[in-house]
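FYI, full-length UniProt numbering numbers position 197 of the sequence shown as 197, with every residue one higher than the one before it.
What follows is one structure encoded as structure tokens, with my remarks underneath.
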Amino acid sequence: MSEAVPSPVCRVAVVEDHLLQRARTEDLLRREPGFEIVFSGESAPDFVAWVREAPRERRPHLLVLDLMVDRRPSVDVAVVEALLRAGLKIVVLSALASPPLVRGIVRAGVSGVVGKRDAETDILAAIRAVLRGEEWMTTELAAVIAGDPERPKLSVQEERALVLYASGLTIEQVASAMNIGRETAKQYLDRVKRKYREAGVPARTQLDLGRIAWSEGYLDPTL
């Protein structure tokens, strides 16, 4: 009689700053066969610091990631892109406080997004779909992320420049944060201003752009 071949184990990391949500997500995964929690933390920088030092045999196959962190910066799209390029599969578990941020994450290549109001069965369905190389998102969630089709469409770089500038940075600081020249940063911001002015929205000053960022959800109003 041949011995049974053990099922492969999927190593999972969970990044979520709310302790109860993180504990419940971990419990949900532990109850399912084939999952092992190898990292649990509050923020993406904490995870990145850990994974750099972790031995290869402990590195995760999948990251369950919350995008918005209380009193700390939201997840950087560039960090997500780097993790995806390294071969990590990512499922976003988000309250969708910032649909533009979620849109940027999806454009970066994340194929599974779950809302925190979705059922626990949806979380597991999204994880299993992403592990199979498939996409997962409910119709309702897709509609939320799509947002208002009438509002100006910004590129990923224009969104990043808007968020940084609206957060109070100077153009020079925006350029430094984006690793681009000052004139390029100014061009991104000028494009943002032009697009909103053409849509009938005042967009001349940094204060104007701050109001836009808050009202459009590019910045989390609770922070």
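Even for Gly, the Cβ is constructed at its ideal location relative to N, Cα and C.
Note that the coordinates shown come from a computational prediction; the quantities given were computed from them, not determined experimentally.
When beta bridges are read from the DSSP output, Lys195 appears opposite no residue. DSSP places Gly115 within a strand segment (E or B) once states are collapsed to three. Assignment of Leu67 by DSSP, reduced to helix, strand and coil, places it in the coil class. Where Ser94 is concerned, the enclosing beta strand (DSSP E) starts and stops at 89–94. For the 9 Å CB-CB criterion, Gly41 and Glu81 do not form a contact. Residue ranges of uninterrupted alpha helix (DSSP H) with 4 or more members, entirely inside the segment 154–184 and ordered along the chain, are 156–166, 171–178. When rounded, the separation of the alpha-carbon atoms in Leu19 and Gly200 is 43 Å. Rounded to the nearest whole angstrom, the CA to CA distance from Arg24 to Glu16 is 11 Å. The residue among Glu53, Arg59, Ala213, Gly87 with its C-alpha nearest the C-alpha of Val14 is Arg59. Residue Val192 holds the alpha-carbon nearest to the alpha-carbon of Val156 among Val48, Arg31, Gly133, Val192. Taking C-beta atoms as the reference points, Leu88 and His61 count as a pair closer than 9 Å. Of the residues assessed, Asp190 falls on the exposed side of the cut-off, its CB having fewer than 16 other CB atoms within 10 angstroms. For Arg11, same chain residues with a beta-carbon under 6 Å away, outside a window of 5 residues either side, are Glu36, Val38, Pro60, His61 in chain order. A distance of 9 Å or more separates the beta carbons of Val130 and Asp122.
Taking 9 Å as the cut-off, the Cβ atoms of Leu83 and Val64 do not count as close.
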